[in-house]
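At position 132 of the sequence shown (counting the first as 1) the number is 1370 in our numbering, and the numbers step up by one without a gap. Cβ coordinates follow ideal geometry from the N, Cα and C atoms, glycine included. What follows is a short report on a single structure.
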Amino acid sequence: MASSLPAEPPPEPEADVEPDTLEAQREALFETMRKRMGLADEAVERIRSIFQSTKVMSQGNPKTTRHPMTRAQCRKIRKEAGLQETNNPICGAKNMVPLFDPGAGQTERDARVCIDQFEFPGLACEYPVVFVRANQAAELCLAVGKRICDAHEWEGACAGALKPPEQEYFWGPERIETSYKHNKPREIRWAYGLQKDHSKCATGSFKNRKCSGSYSDCGSNTYPAGAFPACVSSFGVYDQHGNAAEHMNLPLKPEELASTGQYGSTEMKGSWFIFQSYEAHEDDCRWRAFDWHGSRLMDPESHRNYHLGFRCCKNVP
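Given below as structure tokens:
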């Protein structure tokens, strides 16, 4: 069973002061990860080197980003909702939950994978990392002792039932065909229930007026992760609708499953922070895009943008 930890002491006041440079923002994030995740110096240095390989990976361009909610407001919301940090021994890491299929009679003791409750960096009330390519997302997950999620794991975490890979993929055909075959008979539901309601999730923010997709013009106007207590799956996974869309691995054959240490193609899932005013596509749990900005997952030129992040998974031994 998952154990609940006492609420963490409130961060120092400066935690809610947004840095005005990219370097300062990154260093503040690294220090937060070190303290709250207990990362060793080696892990922090690996994370820093991945960030420094690009001029845009961040929690949003400090010059253009305007978050609609502060970390302090998020902490207050979660405290009033009675939400605490989780530490399930099955997962061996804080803020992760085990995935399984209750409909098949499984319990968390049958879980073979865990998933982050929050978008990377995987911390409640921290802003998601964006402007990250799929290969960089995979590298960052490895740096914190985890891995990138397979598409069906993310979907199962959202829908409340993790199905086996052989039931969730059509091995062999081209990607567009496999997505069509998957989507047509899929169960349609959202993390929070059977009826779509964007207001339950982090979808009420705004897009900068001059935003055309570039780092210089587009603010990543996200909310702190976990700030919407109703936007949660039955497993306890937050923000799979709204806030930042997410990278994951799409295997087109069995040997491309990330759970085996290999990679396939890119997949982006979830909606993002303006969906109350602009519903760009479907965002139910098990819907798959046909081929948005498609590439191999580890392509160094894979897609990135101002509202695209990721979360990590972890095999259970």
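For residue i, which residues of its own chain have a beta-carbon under 8 angstroms away from its beta-carbon, when the five flanking residues on both sides are left out?
{"i": "residue 1287", "result": "none"}
{"i": "residue 1355", "result": "1324, 1333, 1334, 1335, 1362, 1464, 1474, 1475, 1476"}
{"i": "residue 1232", "result": "The requested residue 1232 is not part of the displayed model; the chain covers only 1239 to 1555."}
{"i": "residue 1381", "result": "1281, 1284, 1285, 1288"}
{"i": "residue 1419", "result": "1408, 1411"}
{"i": "residue 1386", "result": "1372, 1375, 1376, 1379, 1485, 1486, 1487, 1496, 1501, 1535, 1548, 1550, 1551"}
{"i": "residue 1435", "result": "1428"}
{"i": "residue 1483", "result": "1506, 1507, 1508, 1509, 1510, 1545, 1546, 1547"}
{"i": "residue 1437", "result": "1514"}
{"i": "residue 1277", "result": "1271, 1285, 1382"}
Going by DSSP, name the residue or residues bridged to residue i.
{"i": "residue 1421", "result": "Beta-bridge pairing links residue 1421 to no other residue."}
{"i": "residue 1428", "result": "1431"}
{"i": "residue 1449", "result": "Residue 1449 is not bridged to any residue."}
{"i": "residue 1353", "result": "1335, 1551"}
{"i": "residue 1507", "result": "1484"}
{"i": "residue 1546", "result": "1483"}
{"i": "residue 1368", "result": "1296"}
{"i": "residue 1315", "result": "Its beta-bridge partners do not exist; DSSP assigns none."}
{"i": "residue 1518", "result": "Answer by DSSP bridge pairing: none, since residue 1518 is not bridged."}
{"i": "residue 1388", "result": "1487"}
{"i": "residue 1526", "result": "According to DSSP, which records beta bridges pairwise, residue 1526 is partnered with nothing at all."}
{"i": "residue 1440", "result": "1480"}
Taking just the CA atoms, how far does residue j sit from residue i?
{"i": "residue 1537", "j": "residue 1459", "result": "27 angstroms"}
{"i": "residue 1375", "j": "residue 1548", "result": "7 angstroms"}
{"i": "residue 1348", "j": "residue 1259", "result": "46 angstroms"}
{"i": "residue 1378", "j": "residue 1285", "result": "6 angstroms"}
{"i": "residue 1197", "j": "residue 1327", "result": "Residue 1197 is absent from the structure shown; the chain starts at 1239 and stops at 1555."}
{"i": "residue 1239", "j": "residue 1337", "result": "Confidence in residue 1239 is poor, its pLDDT being 42 and thus under 50, which makes the residue's placement too unreliable to answer from."}
{"i": "residue 1245", "j": "residue 1322", "result": "Bear in mind that the predicted position of residue 1245 carries a pLDDT of just 47, short of 50, making it unreliable; the figure below should be weighed with that in mind. C-alpha separation (whole angstroms): 6 angstroms."}
{"i": "residue 1412", "j": "residue 1532", "result": "12 angstroms"}
{"i": "residue 1455", "j": "residue 1555", "result": "44 angstroms"}
{"i": "residue 1543", "j": "residue 1492", "result": "29 angstroms"}
{"i": "residue 1372", "j": "residue 1261", "result": "22 angstroms"}
{"i": "residue 1318", "j": "residue 1467", "result": "10 angstroms"}
{"i": "residue 1346", "j": "residue 1331", "result": "15 angstroms"}
{"i": "residue 1263", "j": "residue 1481", "result": "19 angstroms"}
{"i": "residue 1405", "j": "residue 1469", "result": "27 angstroms"}
{"i": "residue 1301", "j": "residue 1553", "result": "38 angstroms"}
{"i": "residue 1256", "j": "residue 1359", "result": "17 angstroms"}
{"i": "residue 1353", "j": "residue 1448", "result": "36 angstroms"}
{"i": "residue 1269", "j": "residue 1275", "result": "10 angstroms"}
Please work out which residues of its chain come closer than 6 angstroms, Cβ to Cβ, to residue i, disregarding the five sequence neighbours upstream and downstream, and give them in chain order.
{"i": "residue 1295", "result": "1289, 1369, 1370"}
{"i": "residue 1415", "result": "none"}
{"i": "residue 1312", "result": "1363, 1462, 1465"}
Using C-beta distances below 7 angstroms, list every residue in its chain close to residue i, excluding the 5 sequence neighbours before and after it, in chain order.
{"i": "residue 1310", "result": "1254"}
{"i": "residue 1401", "result": "1339, 1390, 1394"}
{"i": "residue 1187", "result": "Not covered by the structure: residue 1187. The range shown for the chain is 1239 to 1555."}
{"i": "residue 1399", "result": "1339, 1340, 1341"}
{"i": "residue 1540", "result": "1371, 1372, 1373, 1504, 1533"}
{"i": "residue 1494", "result": "1500, 1501, 1502"}
{"i": "residue 1425", "result": "1397, 1524"}
Problem set entry | Inter-stretch contact at 8 angstroms, needing at least 3 Cβ pairs: the segment 1510-1529 / the segment 1437-1445 | yes
Problem set entry | Minimum length 4: unbroken alpha helix (DSSP H) runs contained in the segment 1249-1286 | 1260-1275
Exercise. Considering only residues of the segment 1449-1496, which uninterrupted beta strand (DSSP E) runs meet the minimum length of 3 residues and lie entirely inside it, listed in chain order?
Worked result: Whole beta strand (DSSP E) segments, 3+ residues: 1483-1488.
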